[in-house]
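Residue numbers (my numbering), protein chains in the order written: chain A, 1 to 290; chain B, 291 to 567.
Here's the structure we're looking at; comments come further down.
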């Protein structure tokens, strides 16, 4: 029973982690809370639905299409809406992200209507049994895909040139640009990766809950953001850890009988962690300079 | 009338974020605390409107101070995030409580807000804010905004001032909530989600952070904009979102941000003097 809950929690947590990574990478480099990120996740799910119709139920093609489309979307949004404000006060940039978020949500509502649509079957849902444990093949796919994507991300960040540039930029933005790093390219790339991961999360969640709606990104985005903060915003392993922790906390909270307060669990956890460790579990302490 | 109600709330937020520089994303929570408190008092306990309005404001201020004491230790984005979390917790709590009507909402609130009492309170709030900003208290808050460490070094008890500012801001939000409840006569926890908090933040930022006339103009424009955009029907919110983005790109300091009315007047006088002299 306990193991069963852990598996459910990890599945949920893995999807949070996928979205949280986008928040955390963007924050790490330009200190921006990108509130439109949750909506990219939503658009990813919708593109997934459309792609299933086109590619006749091939799961991997669906996933790849959604990811690719969201890469284009994410980079375009950054180019059009965020880049002109690079040197503006940070609060303005924040409000711009909210403007983009409202725009994307209403755009999808106009296109598809506010009701949730089901996700067409792409994966056969088989219940697997290992001893006492029961889990669906979909859960297994979610865990595996998330694992592959996260390992892939780590490889990009640790071993490629652009990954090195990203790390340098998050260390010190101005110095990195003085060292000949094309900072605009790094930021575009960061948005690209973040959007791809969010799209993957969107497709996986769409399949898992069999429901896609224009406002699905609001709560999921907020919670993923909480996950990013829990782990220490700007810190990539932190986002993964935060996502998994949050998933586990929610599943156990519901199991413990707090199901009506499910959405509050994440935020209570958030406030407690912020008070005890203001920069999150794996975050570096902020230095206050005069 | 809704404009006036939002102006009261936006003035409160302007004090916290604009004058004192403390980022908060949970203003709607205090609006809802004031709204529910006032509504329940008049509806179930038949209290007079004015008394319940004030009590609603005090309740919001109380929660603001209780939240502020631990949370205002945080700085910058982290404070924003924590208040965002608090806002969502309040929303979920109201959805699950019996006395607030839960997810169905609280209906049949007597209608007591009218143009006169809203206007009176707006004027009171504006006057109070102007006086406050030009007092020792206001100067201390501005010092904290500019540089918290330096302000602390100058002997300002930054924590205490921040908590006070937070309490006053939340009090105004609570008052505004009370009016809101007695205008719409119906409350639903989902109306006070984080989007509402950002809406109020937009008012303040669009008008120009820290500027009282700016806050008033920003609130008026943004409250009326969706009404004027009604002719485009379902594309309304889409255009609203687009407008926000464009405003931020082309008018980054807000409509009236950085415009100092006194200096403007003085310059005009000087010009006139130069011409006549």
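Glycine residues also receive a C-beta, built at the ideal position from the N, C-alpha and C atoms.
Remember, it's a predicted structure, so these values are computed and weren't measured experimentally.
Subject >> Burial state of residue 174/A, where buried means 16 or more other Cβ atoms lie within 10 Å >> reply: Counting every other CB atom within 10 Å of its CB across the protein chains shown gives residue 174/A a total below 16, marking it as exposed.
**OP:** Entirely within the segment 360 to 401 of chain B and at least 4 residues each: give me those alpha helix (DSSP H) ranges in chain order.
**Re:** DSSP runs (the alpha helix (DSSP H)) wholly in the segment 360 to 401 of chain B: 366 to 386.
**OP:** Flag residue 383/B as yes if its beta-carbon sits less than 8 Å from any beta-carbon of chain A, otherwise no.
**Re:** By this cut-off, residue 383/B is an interface position.
Subject >> Delimiting residues of the beta strand (DSSP E) encompassing residue 133/A >> reply: That run of the beta strand (DSSP E) goes 133 to 136.
Subject >> Under 8 Å between C-beta atoms of residue 19/A and residue 249/A >> reply: One thing to note: residue 19/A has its Cβ no nearer than 8 Å to the Cβ of residue 249/A.
Subject >> contact_flag[the segment 293 to 308 of chain B, the segment 489 to 497 of chain B] where n(CB pairs < 8 Å) is 3 or more >> reply: With contact defined as three or more Cβ pairs closer than 8 Å, the segment 293 to 308 of chain B and the segment 489 to 497 of chain B are in contact.
Subject >> Inter-stretch contact at 8 Å, needing at least 3 Cβ pairs: the segment 264 to 273 of chain A / the segment 436 to 455 of chain B >> reply: Touching, no.
Original post:
Tell me the DSSP bridge mates of residue 293/A?
Top reply: An answer regarding residue 293/A cannot be provided, because it is not within the stretch 1 to 290 covered by chain A.
Original post:
Residue range of the alpha helix (DSSP H) that residue 338/B falls in?
Top reply: Going by DSSP, residue 338/B is part of no alpha helix (DSSP H) at all; its letter is neither H nor E.
**OP:** With a cut-off of 8 Å on the beta carbons, I'd call residue 122/A and residue 62/A a contact; round off their distance for me.
**Re:** Contact between residue 122/A and residue 62/A holds, with the beta-carbon distance rounding to 6 Å and staying under 8 Å.
Subject >> Under 8 Å between C-beta atoms of residue 469/B and residue 348/B >> reply: Cβ atoms of residue 469/B and residue 348/B: not closer than 8 Å.
Original post:
Which value, in whole angstroms, describes the spacing of the CA atoms of residue 433/B and residue 314/B?
Top reply: Residue 433/B and residue 314/B: Cα-Cα distance of roughly 18 Å.
**OP:** Determine, using beta-carbon pairs with one atom in the segment 471 to 488 of chain B and one in the segment 392 to 406 of chain B, whether at least three such pairs fall under 8 Å.
**Re:** Judged by Cβ distances under 8 Å, the segment 471 to 488 of chain B makes contact with the segment 392 to 406 of chain B, as three or more pairs qualify.
Original post:
Under 7 Å Cβ-Cβ, which residues of chain A neighbour residue 525/B?
Top reply: Simply 110.
Original post:
With 8 Å set as the bound, which would you pick, yes or no: does the beta-carbon of residue 304/B sit closer than that to a beta-carbon of chain A?
Top reply: Residue contact check for residue 304/B against chain A: no CB pair falls below 8 Å.
**OP:** Select from 195/A, 227/A, 68/A the residue whose C-alpha is nearest the C-alpha of residue 36/A.
**Re:** Nearest of 195/A, 227/A, 68/A to residue 36/A, Cα basis: 195/A.
Original post:
Thinking just about the alpha-carbon of each residue, which of 9/A, 17/A, 162/A is nearest to the one in residue 201/A?
Top reply: It is 17/A whose Cα lies nearest to the Cα of residue 201/A.
Subject >> Option in 381/B, 387/B, 421/B, 404/B with minimal Cα separation from residue 472/B >> reply: If we check each option's Cα against that of residue 472/B, 404/B comes out closest.
Original post:
What residue from 150/A, 52/A, 1/A has the CA that sits closest to residue 240/A's CA?
Top reply: The candidate whose alpha carbon is nearest that of residue 240/A is 150/A.
Original post:
Which of helix, strand or coil does DSSP assign to residue 212/A?
Top reply: Reduced to three states, the DSSP call for residue 212/A is strand.
Subject >> Residue interval of the alpha helix (DSSP H) (run including residue 297/B) >> reply: Annotation for residue 297/B: the continuous alpha helix (DSSP H) segment containing it runs 292 to 303.
**OP:** Could you tell me whether the Cβ of residue 100/A comes closer than 8 Å to any Cβ of chain B?
**Re:** Interface residue, yes.
Original post:
Is the beta carbon of residue 273/A less than 8 Å from the beta carbon of residue 281/A?
Top reply: Yes, the pair counts as a contact, with Cβ atoms nearer than the cut-off.
Original post:
residue 386/B: which of 276/A, 260/A, 182/A, 40/A sits nearest, CA to CA?
Top reply: Comparing Cα-Cα distances from residue 386/B to each of 276/A, 260/A, 182/A, 40/A, the minimum goes to 260/A.
**OP:** Starting from residue 425/B, follow the alpha helix (DSSP H) in both directions and report where the run begins and ends.
**Re:** In this chain, residue 425/B is not harboured by any alpha helix (DSSP H), its DSSP state being neither H nor E.
Subject >> Per-residue DSSP class, three states only, for residue 73/A >> reply: In the structure shown, the three-state DSSP call for residue 73/A is helix.
Subject >> Spatial neighbours of residue 252/A in its chain, beta-carbon cut-off 7 Å, leaving aside the 5 residues before and after >> reply: Within the same chain, Cβ atoms closer than 7 Å to the Cβ of residue 252/A are found at 5, 9, the five residues on either side in sequence being excluded.
Original post:
Using the beta-carbon of each residue, which ones in chain B are nearer than 9 Å to residue 252/A?
Top reply: Under the 9 Å cutoff, chain B gives no residues; its nearest Cβ is about 17 Å from residue 252/A.
Original post:
At a Cβ cut of 7 Å, what residues of the segment 239 to 267 of chain A count as close to chain B, listed as they run along the chain?
Top reply: Residues 260, 261, 263, 264, 267.
Original post:
Are residue 448/B and residue 296/B closer than 8 Å when you measure CB to CB?
Top reply: The criterion of a C-beta distance shorter than 8 Å is not satisfied by residue 448/B and residue 296/B.
Original post:
Taking Cβ to Cβ, would you say residue 487/B is nearer than 8 Å to residue 318/B?
Top reply: Closer than 8 Å, so yes.
**OP:** Specify the secondary structure class of residue 123/A as computed by DSSP and reduced to three states.
**Re:** In the three-state scheme derived from DSSP, where H, G and I count as helix and E and B as strand, residue 123/A is classed as coil.
Original post:
Name the DSSP bridge partner or partners of residue 505/B?
Top reply: As far as DSSP is concerned, residue 505/B takes part in no beta bridge.
Original post:
For residue 506/B versus residue 362/B, is the C-beta spacing smaller than 8 Å?
Top reply: Cβ distance not < 8 Å, so residue 506/B and residue 362/B don't count as in contact.
Subject >> Member of 520/B, 416/B, 459/B whose CA lies at the smallest distance from the CA of residue 431/B >> reply: Of 520/B, 416/B, 459/B, the residue nearest in Cα terms is 459/B.
**OP:** Tell me, please, whether the CB atom of residue 84/A is closer than 8 Å to any CB atom in chain B?
**Re:** Closer than 8 Å to some Cβ of chain B, the Cβ of residue 84/A qualifies, so yes.
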